[in-house]
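Visitor:
Residue numbers (the working numbering): 1 to 463.
1) When the Cα atoms are used, what is the spatial distance from residue 143 to residue 312?
2) To test your reading of the DSSP string, which unbroken alpha helix (DSSP H) runs of 4 or more residues are found completely within the region 88-118?
3) Just how far apart, CA to CA, sit residue 50 and residue 216?
4) Please state whether DSSP places residue 340 in a helix, a strand or coil.
5) Quick one: complete beta strand (DSSP E) runs, 3+ long, within the region 228-315?
6) Whose C-alpha, out of 204, 179, 267 and 232, is nearest the C-alpha of residue 189?
7) Enumerate in chain order the residues of its own chain whose CB-to-CB distance from residue 237 is below 6 Å, with the five nearest sequence positions on each side excluded.
8) Could you tell me which residues DSSP puts in a beta bridge with residue 34?
9) Report yes or no: do three or more beta-carbon pairs, one from the region 373-387 and one from the region 40-60, lie closer than 8 Å?
10) In the DSSP assignment, find the beta strand (DSSP E) that holds residue 75 and state where it starts and stops.
11) Give me the Cβ distance between residue 84 and residue 158, rounded to the nearest whole Å; I'm assuming they're in contact under 8 Å.
12) Compute the Euclidean distance between the alpha carbons of residue 467 and residue 153, then round it to the nearest angstrom.
13) How about the region 245-255 and the region 80-96: do they share at least three Cβ pairs that are nearer than 8 Å?
14) So, are the CB atoms of residue 352 and residue 316 less than 8 Å apart?
15) Check the DSSP bridge columns for residue 60 and list the partner residues they point to.
16) Identify which residue in 343, 318, 211 and 335 has its Cα closest to the Cα of residue 42.
17) Alpha carbon to alpha carbon, how far is residue 345 from residue 364? Give it in angstroms, no decimals.
18) Does the contact criterion of 3 or more C-beta pairs under 8 Å hold for the region 123-138 versus the region 398-413?
19) Relative to the alpha-carbon of residue 180, which residue among 194, 91, 161 and 260 has its alpha-carbon at the smallest distance?
20) Kindly indicate which three-state DSSP category residue 435 falls into: helix, strand or coil?
21) Distance, Cα to Cα, residue 287 vs residue 194?
22) Can you check which of these residues, 308, 402 and 425, is closest to residue 136 by C-alpha distance?
23) Which stretch, first to last residue, makes up the alpha helix (DSSP H) that contains residue 142?
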């Protein structure tokens, strides 16, 4: 096991105070928080825990605390498939139906490579799960969500022509790993990745009954002075599922500079960091679950993670051999911006002048059409609509203000929709596009498009 070094910059007191200031809002015994590791040229130059891992028992966060790291898990899944290709057990260009024949034939081949770079067109399985009226942080039986995927009658687009981030892709990748290797993802990653690198506190948790030593629990900010426990029973692996610590991720970080996995040395690392391509040969801005970018003149590679109360960010500046790892257990942490703030302190002499403040959202604020519509116009949308793909029924009725439509389904909060066209209802996330006689509509939501609903009798609402 590599030791953690005490090396600091020459003006270490000022550096440390500036870094600690970033996390001050969470650094007390009444708040969850995060663990931080700052790495430069093979050494951890600063590492610390802020806030509490377990509020009920008064356990503070330390660099040894273990967190659910969300979609940062994906790069380990992509690495596993690259290792299987190196072993000659598959090709990334194989049609995925060679390994998962239960999937529908959509008329266009979908390759493993399409899955890796999110160019498959698959609708997001976790979005579909929530649209079906169930919570993604509760227990999700693997067979049920796989059946949900297989019920989808269409894709968002022809494979290879567009990009849409989809957790379905990495869930299916975990299935391929198991069917090809004969080991589930948990066992394969332990044997081929974690054990060789000495990552003794990392695991894909595919059983929510399992005890995880030093686990930090997830929380939600209910109000300014109110924290809520956000208990998570989610145990699907592939799209997420990895529990780890900043100390273990330091070992993963160092492998990018001195690769110990597989047989190809740095060639494997170069592959993992290479962007995918669309069918027309243009680059996809997504490598093997890593996003290539630039921050104030310096090259970056990063990925974020989020599930329940957990938030994570793994940011690398490869040319400087500098990294920031933040693993948190409170949903208002915003680790992406926090990581760049930390990097700006340590790399201030190398960064170009800051142009604008970063935002965690690329979605612009939009205003909804609040025009009044006669009741006869609103009545066209009223009724119950069923989706066989989701196995869920949505009920639409006129809202109390007599201006909008209220959309409801079992176990979900009602949503207010506005008329934004002669046959379209929408808000900032949903868009329902009705046919001319208002008997069917296609739903678009959060990158999932074309889900078909048909009008049914009110009595068929889910109970």
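Beta carbons are placed, not taken as given, at the ideal position from N, Cα and C, and that holds for glycine.
Guide: According to the structure shown:
1) Start at 1 with the first residue of the chain shown, and residue 143 comes out as number 143. Start at 1 with the first residue of the chain shown, and residue 312 comes out as number 312. Roughly 28 Å separates the two Cα atoms.
2) 112-116
3) On the chain shown, position 50 is the one that residue 50 refers to. On the chain shown, position 216 is the one that residue 216 refers to. Taking the straight line from one Cα to the other gives about 12 Å.
4) Here residue 340 refers to the residue found at position 340 of the chain shown. It is helical.
5) 242-244, 291-295 and 298-307
6) The residue given as residue 189 occupies position 189 in the chain shown. It is 204.
7) Position 237 of the chain shown holds residue 237. If we look at residue 237 and ignore the five residues flanking it on each side, its Cβ neighbours are 174, 185, 204 and 206.
8) The count along the chain shown starts at 1 and reaches residue 34 at position 34. In DSSP, residue 34 forms a bridge with 50 and 328.
9) no
10) Reading the chain shown from its first residue, position 75 is the one you call residue 75. Element bounds for residue 75: not the beta strand (DSSP E) but the alpha helix (DSSP H), 74-86.
11) Numbered from its first residue, the chain shown carries residue 84 at position 84. Numbered from its first residue, the chain shown carries residue 158 at position 158. Actually they are not in contact, since the Cβ atoms of residue 84 and residue 158 sit about 27 Å apart, beyond 8 Å.
12) Absent from the model: residue 467. The displayed extent of the chain is 1 to 463, so no value can be given.
13) no
14) Looking up residue 352 in the chain shown gives position 352. Looking up residue 316 in the chain shown gives position 316. Cβ atoms of residue 352 and residue 316: not closer than 8 Å.
15) By 1-based counting over the chain shown, the position of residue 60 is 60. Beta-bridge pairing links residue 60 to 52.
16) Working through the chain shown from its first residue, we reach residue 42 at position 42. It is 318.
17) Here residue 364 refers to the residue found at position 364 when the chain shown is read from its first residue. Here residue 345 refers to the residue found at position 345 when the chain shown is read from its first residue. Caution is warranted here: a pLDDT of 35 is assigned to residue 364, below 50, making its placement in the model unreliable, and the coordinate value is therefore given only provisionally. Cα-Cα distance, rounded: 29 Å.
18) yes
19) Residue numbering aside, residue 180 sits at position 180 when the chain shown is read from its first letter. Cα-wise, what sits closest to residue 180 is 91.
20) In the chain shown, counting from the first residue as 1, residue 435 sits at position 435. Coil, per DSSP.
21) Taking the first residue of the chain shown as 1, we reach residue 287 at position 287. Taking the first residue of the chain shown as 1, we reach residue 194 at position 194. One C-alpha to the other measures close to 21 Å.
22) The sequence position of residue 136 within the chain shown is 136, counting from 1. The shortest Cα separation from residue 136 among 308, 402 and 425 belongs to 308.
23) Translated into the one-based positions of the chain shown, residue 142 becomes position 142. Its alpha helix (DSSP H) spans residues 142-150.
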